[in-house]
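Residue numbers for the sequence shown follow the numbering used here, beginning at 7 and rising by one.
A virtual CB, placed ideally from N, CA and C, is assigned to each residue, including glycine.
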Amino acid sequence: MSEEVEPALDVRGLVKTFSGVLALRGADLSIRPGEIHGLIGQNGSGKSTLIKVLSGFHAPDRGEVRVHGDVLHLPVRPADAARYRLSFMHQELSLAGGMSVLENLRLGRFKTGLGWKIHWKEESARVSQMLAEFGIDVDPHIAVDKLPQAERALVGFLRAYHQLDGERGLLVLDEPTSSLPRPAVSRLFDAMRVVRRHGTAVLFVSHRIEEVMEITDRVTVLRDGASVGTLVTRDSSEDRLVALLLGAELGRMYPTRVKASDRAVMTVNHIRGSVVRDFSLELHRGEIVGATGLVGMGHDEIPYLMYGAQPLLGGRMLIGGEDLGVPTPGRMRGHGVCLVPADRARSSGVPRATLMENVTLPALGQFFHRGYVHHGRERSFVQALLGRFDVRPAQPAALLGTLSGGNQQKTLLAKWLQLQPRVLLLHEPTQGVDIGARRDIFAVLREIAASGTAIFIASAEYEDLANICHAVAVLRSGRLVTWLRGEDLTEQRIAEQCFRPVGESGGAGPGHDEEEE
Ligand SMILES: Nc1ncnc2c1ncn2[C@@H]1O[C@H](COP(=O)(O)OP(=O)(O)OP(=O)(O)O)[C@@H](O)[C@H]1O
Ligand SMILES: [Mg+2]
């Protein structure tokens, strides 16, 4: 057989257990040279584990891996992965934040002359050329942590690609788009297409099925650690993939809306932050209100301002008619306001504590008005909560850090939802969770709204907002563009308002202030 027809990567019967938990139970995956191959599966189905076996992070119990026909010795030594032209962008993007784009891209591969002097000029020109080829317009000397999210992701991608040294190989991307807004996803896809043109294969993991449909040539579905099929994308459909992934039909994605009460719970008057210049809102019992916009337009700052997690530079907020003064997280919690930030794993979870500890960490007495919680009851309560969110494994004693990315998200969301707060502030609540879990989260949000909680969601998921919110605010340059509600509240209309050229004005929603320029 010529080398051309050998798969770029061929994984057979991969098995991996973690202290009794079967993460991979005989996974197969075959990727052709120069194809973009999707890898999908529910949270905890084994995607990252498979990838980490390939990168040498985990030693598998059993299995066989070939790269272009050559058997790769297991466990993989990281140096072998590089030699066999495998390169990785892991779920936890690992760029050196304080270092420049140039340093990140050329890390460990600076061309040195006599006396190991780095040829900065040459390096800089090389990196500029690379950035230009991928249409990335950033200064190579800027520190990576100063870059907007989209550019940071592109630099991470480029860095992984660059490790292949331009040769035909396999680029493995574990959920590169989970925290990216749509326009940034398109740019990443363009970069992936460039790489494919150069003959490099790409393994792409994502929970957004529409992305997989758009960019991949073929897709492999994992369920409970085993491959349940590889399909040619263009001969497949979203429904087919979802059914294969869940092992059942998805059913209804969005619950029916419950009518909100007209009793105001929280009033926000002309608040200002570092991006938000003027935003007002009246949040009612049982209401679900969304805020959206393009990156950096301010919508994603609002929940943090409302919670006092970012300094409020102007305006006031009232709860039940009482002026809150300068909000602080402690004071807001005291008023029954909870915030679930987007970067949950880093900002609200304790990886080395158990699920039980993580879930019951928030000051319980504050909302339970009981003073203490019975431990046996607490345990079964946590167990039930994990079950309700389908956290896997649903073991209160497991360490949070050993759960898959999406299961960590679900656990941390459960932690706040159990408190039945008066006001729940959410930022991208479904980031990184699988499609079944997304449906479950929406069902839970509806349930707690029906019980009286007011919910505010900042998100760039237009379709989700259109289907679960009573009203959605679109912001641009820190100011309200328009409120969409009723018939006007559609995914299409939200997108139009987000992308509309500056200067056109929108209409005000009934009962809400419209800010004037
Ligand atoms: N270091 C570890 N120790 C114990 N169990 C682990 C460890 N890493 C992963 N697991 C378990 O292996 C299973 C597969 O996890 P993995 O991270 O591969 O899932 P995933 O498909 O990537 O999910 P997600 O979509 O949420 O990222 C899960 O049950 C997880 O809890
Ligand atoms: Mg994963």
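(message) Is the separation between the beta-carbon of Asp16 and that of Ser36 shorter than 7 Å?
(response) Cβ atoms of Asp16 and Ser36: closer than 7 Å.
(request) Whole angstroms is fine: what's the gap from Cys475's alpha carbon to Glu453's? (result) The alpha-carbon atoms of Cys475 and Glu453 are separated by roughly 13 Å.
(message) Suppose contacts are defined by Cβ-Cβ distances below 7 Å. Is Val82 in contact with Asn110 by that definition?
(response) It is not a contact, given that the beta carbons lie outside the stated cut-off.
(request) Identify, in the order they occur along the chain, each residue of the same chain with its Cβ nearer than 8 Å to the Cβ of Gly19, setting aside the five sequence neighbours on each side. (result) Same-chain partners within the cutoff: Gly32, Ala33, Asp34, Arg68, Gly69 and Glu70.
(request) Anything with a beta carbon under 5 Å from a heavy atom of ligand 1 counts; list them all in chain order. (result) In chain order, the residues positioned with their C-beta nearer than 5 Å to some heavy atom of ligand 1 are Phe24, Ala29, Asn49, Gly50, Ser51, Gly52, Lys53, Ser54, Thr55, Thr408, Leu409, Ser410, Gly411 and Gly412.
(message) Any heavy atom of ligand 2 inside 6 Å of the beta-carbon of Gln97?
(response) In this structure, ligand 2 has a non-hydrogen atom nearer than 6 Å to the beta-carbon of Gln97.
(request) Output the distance between the C-alpha atoms of Leu176 and Leu92, rounded to the nearest integer angstrom. (result) Straight-line Cα distance between these residues: approximately 5 Å.
(message) Assuming Gly438 and Thr222 are in contact, meaning their beta carbons sit under 8 Å apart, how far apart are those beta carbons, in whole angstroms?
(response) Between the beta-carbon of Gly438 and that of Thr222 there is about 19 Å, and that puts the pair past the 8 Å contact cut.
(request) Would you identify the three-state DSSP class for Phe63, choosing helix, strand or coil? (result) Shown here, Phe63 sits in coil according to DSSP, grouped into three states, outside any helix or strand.
(request) Alpha carbon to alpha carbon, how far is Gly299 from His305? Give it in angstroms, no decimals. (result) For the pair His305 and Gly299, the Cα-to-Cα distance works out to about 6 Å.
(message) With a threshold of 6 Å on Cβ separation, who are the neighbours of Phe395 within its own chain once the five nearest residues in sequence on each side are excluded?
(response) Contacts found: Lys416 and Ala420.
(message) Which of the three DSSP states is assigned to Glu550 in this structure?
(response) The first residue shown for the chain is 7 and the last is 523, placing residue 550 beyond what the model contains.
(request) Since I believe Val274 is in contact with Ser286 (beta carbons under 8 Å), could you give me their beta-carbon distance rounded to a whole number of angstroms? (result) With a Cβ gap of about 6 Å, Ser286 and Val274 count as contacting.
(request) Note down, in chain order, each residue of its chain lying with its Cβ closer than 7 Å to the Cβ of Arg499, except the 5 sequence neighbours on either side. (result) Here the set comprises Leu490.
(request) Please go through the same chain and pick out, in chain order, the residues whose beta-carbon is closer than 6 Å to the beta-carbon of Arg564, but skip the five residues on each side of it. (result) Here the chain covers residues 7 to 523 and nothing more, so residue 564 does not appear.
(request) Apply the 10 Å Cβ neighbour rule to Leu319 and answer buried if 16 or more other Cβ atoms are within range, or exposed otherwise. (result) In summary, Leu319 is exposed, with fewer than 16 beta-carbon neighbours lying within 10 Å of its beta-carbon over all protein chains present.
(request) Leaving out five residues on either side along the sequence, give the residues of the same chain with a beta carbon under 8 Å from the beta carbon of Leu301. (result) Note on residue identity: the sequence assigns Val, not Leu, to residue 301. Result list for Val301: Pro154, Gln155, Ala156, Pro187, Pro189, Ala190 and Ala466, in chain order.
(request) Rounded to whole angstroms, what's the CA-CA distance from Leu194 to Met312? Just pull it up for me. (result) Leu194 and Met312: Cα-Cα distance of roughly 33 Å.
(request) Under 8 Å by Cβ, that's how I've got Val227 and Leu250 pegged, so tell me the actual separation to the nearest angstrom. (result) The Cβ separation is near 5 Å, so the contact holds.
(request) Scan the segment 213-246 and note each continuous alpha helix (DSSP H) run of 4 residues or more that stays entirely inside, going in chain order. (result) Inside the segment 213-246, DSSP marks whole alpha helix (DSSP H) runs of 4 or more residues at positions 215-221, from first to last along the chain.
(request) Counting only runs of 4+ residues fully inside the segment 391-467, write out the alpha helix (DSSP H) ranges in chain order. (result) Runs found: 411-423 and 441-456.
(message) For Ala266 and Arg291, what's the separation of their Cα atoms in angstroms?
(response) C-alpha separation (whole angstroms): 6 Å.
(message) Can you look up His290 in the DSSP assignment and give me helix, strand or coil?
(response) Looking at His290 - three-state DSSP - the assignment turns out to be strand.
(request) Determine the contact status of Val487 and Val478, defining contact as a CB-CB distance below 7 Å. (result) No, these two residues do not count as a Cβ contact at 7 Å.
(message) So, with DSSP's three-state summary, where would you put Met272?
(response) Three-state result, Met272: strand.
(request) Please report how far the alpha carbon of Phe373 lies from the alpha carbon of Val225, in whole angstroms. (result) In this prediction, Phe373 has a pLDDT of 36, which is less than 50 and means its spatial position is unreliable; what the coordinates show is noted afterwards. Cα-Cα distance, rounded: 46 Å.
(message) What would DSSP say about Lys53, mapped onto helix, strand or coil?
(response) Helix.
(request) Excluding the 5 residues preceding and the 5 following Phe63 in the sequence, name in chain order all residues of the same chain whose CB lies nearer than 7 Å to its CB. (result) Within the same chain, Phe63 has no close Cβ partners at all.
(request) May I ask which residues mark the beginning and end of the beta strand (DSSP E) holding Glu478? (result) Per the sequence shown, the amino acid found at residue 478 is Val instead of Glu. Run containing Val478: Ala477 to Arg482, per the beta strand (DSSP E) assignment.
(message) Here's the rule I'm using: 16 or more other beta-carbon atoms within 10 Å means buried, otherwise exposed. How should Gly119 be labelled?
(response) Caution is warranted here: a pLDDT of 48 is assigned to Gly119, below 50, making its placement in the model unreliable, and the coordinate value is therefore given only provisionally. With fewer than 16 other CB atoms across the displayed protein chains lying within 10 angstroms of its CB, Gly119 is exposed.
(message) Suppose you measure from the CA of Gly336 to the CA of Glu434; what does that come to, to the nearest Å?
(response) About 22 Å.
(request) Have a look at Trp126 and Glu139 and give me their C-alpha separation to the nearest angstrom. (result) Each residue's alpha carbon lies about 20 Å from the other.
(message) I need the straight-line Cα distance from Ala514 to Thr239, nearest angstrom please.
(response) At Ala514, the pLDDT of 42 sits below 50, so the modelled position is not reliable; the number obtained from the coordinates is stated separately. Going by the C-alpha atoms only, they are around 43 Å apart.
(message) In the DSSP output, what is Cys344 paired with across the bridge?
(response) Note: Cys344 is bridge-paired with Leu430 in the DSSP secondary-structure output.
(request) Measure the C-alpha to C-alpha separation of Leu406 and Thr262 and round it to an integer number of angstroms. (result) Distance from the CA of Leu406 to the CA of Thr262, rounded to the nearest whole angstrom, comes to 33 Å.
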